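Chemist:
Protein chains in written order, with our numbering: chain A, 472 to 586; chain B, 4 to 112.
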């Protein structure tokens, strides 16, 4: 399968714990995006990378959130000291090229539940 | 914040009928895209229309764009049960896609 892969698919954690999600983009894609989606809403942008450089972070991304993309390949999104409000689907997407607004290829997401 | 807003929020039609959903957005755009999302899954790209285009077709899909009204519509013809999903428009006010709130489409067999 050469699509965008996200792991784990589901994560249940207790409030205050740290969690880390992984995203493996399509191999030739240079851009990687993280979005968050709550029930009944559209995806909200969190951050994106071009190769290994993190080019933009949303104001939604508090200092408890950090994302990395070492070597411009896979990416990780870490949430420290989770809160119940962090419960959501975390979606990763990748794209190729430098055009503004390229077509995105999404993974299946990681569903986070904070108890 | 959501850039786009889809209308209606929910739509139920009989299989075989056409489904139309609309998207309004706020700022100037480079392009507008439509995505489909099945329950609990990631989004799948359907079609992209550039700001200098007015209409585009792909299979049973027809998209229109009116930049003067800052609106777009997605028409799905001859609907099938497999079309049941949420549909989102996404615009590019700057470097990244910003999604609307979605239309939940249900096809009744």
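Glycine residues also receive a C-beta, built at the ideal position from the N, C-alpha and C atoms.
All of these numbers come straight from a predicted model, not from anything done at the bench.
Beta strand (DSSP E) containing residue 488 of chain A: first to last residue?
Modeler: Residue 488 of chain A -> no beta strand (DSSP E), and no H or E assigned at all.
Chemist: By DSSP's criteria, residue 576 of chain A is part of a beta bridge. Which residues make up the other side?
Modeler: Per DSSP, A/565.
Chemist: How is residue 69 of chain B classed by DSSP in three states: helix, strand or coil?
Modeler: In this structure, residue 69 of chain B counts as strand in the three-state DSSP scheme.
Chemist: For the segment 486-516 of chain A, list every residue whose C-beta sits within 7 Å of some C-beta in chain B, in sequence order.
Modeler: Hits within the stretch, in order: 504, 512, 513, 514, 516.
Chemist: Would you check if the segment 54-70 of chain B and the segment 103-111 of chain B touch, i.e. whether three or more CB-CB distances between them fall below 8 Å?
Modeler: Touching, no, given that fewer than three Cβ pairs across the two stretches are closer than 8 Å.
Chemist: Considering Cα atoms alone, identify which of A/578, A/473, A/509 is closest to residue 480 of chain A.
Modeler: The option with the nearest alpha carbon to residue 480 of chain A is A/578.
Chemist: Please identify the residue among A/478, A/557, A/474, A/500 whose C-alpha is closest to the C-alpha of residue 544 of chain A.
Modeler: For the residues A/478, A/557, A/474, A/500, the minimum Cα distance to residue 544 of chain A belongs to A/500.
Chemist: Mind checking which residues open and close the beta strand (DSSP E) that includes residue 478 of chain A?
Modeler: Looking at the DSSP string, the run of the beta strand (DSSP E) that includes residue 478 of chain A is 476-478.
Chemist: Where residue 587 of chain A and residue 506 of chain A are concerned, what is the direct C-alpha to C-alpha distance, given to the nearest angstrom?
Modeler: Limits of chain A in this structure are 472 at one end and 586 at the other, which puts residue 587 of chain A out of reach.
Chemist: When the distance is taken between beta carbons, is residue 489 of chain A closer than 8 Å to residue 549 of chain A?
Modeler: Yes, they are a contact pair.
Chemist: CB-CB under 7 Å to residue 557 of chain A, same chain, minus the five flanking residues each way: which ones, in chain order?
Modeler: The residues are 550, 583, 585.
Chemist: Taking 8 Å as the threshold (C-beta atoms), are residue 68 of chain B and residue 35 of chain B in contact?
Modeler: Contact flag set, yes.
Chemist: Can you tell me the Cα-Cα spacing of residue 483 of chain A and residue 492 of chain A, whole angstroms?
Modeler: Distance between the alpha carbons of residue 483 of chain A and residue 492 of chain A is about 12 Å.
Chemist: Just the C-alpha distance for residue 31 of chain B and residue 70 of chain B, rounded to the nearest angstrom, thanks.
Modeler: Distance between the alpha carbons of residue 31 of chain B and residue 70 of chain B is about 8 Å.
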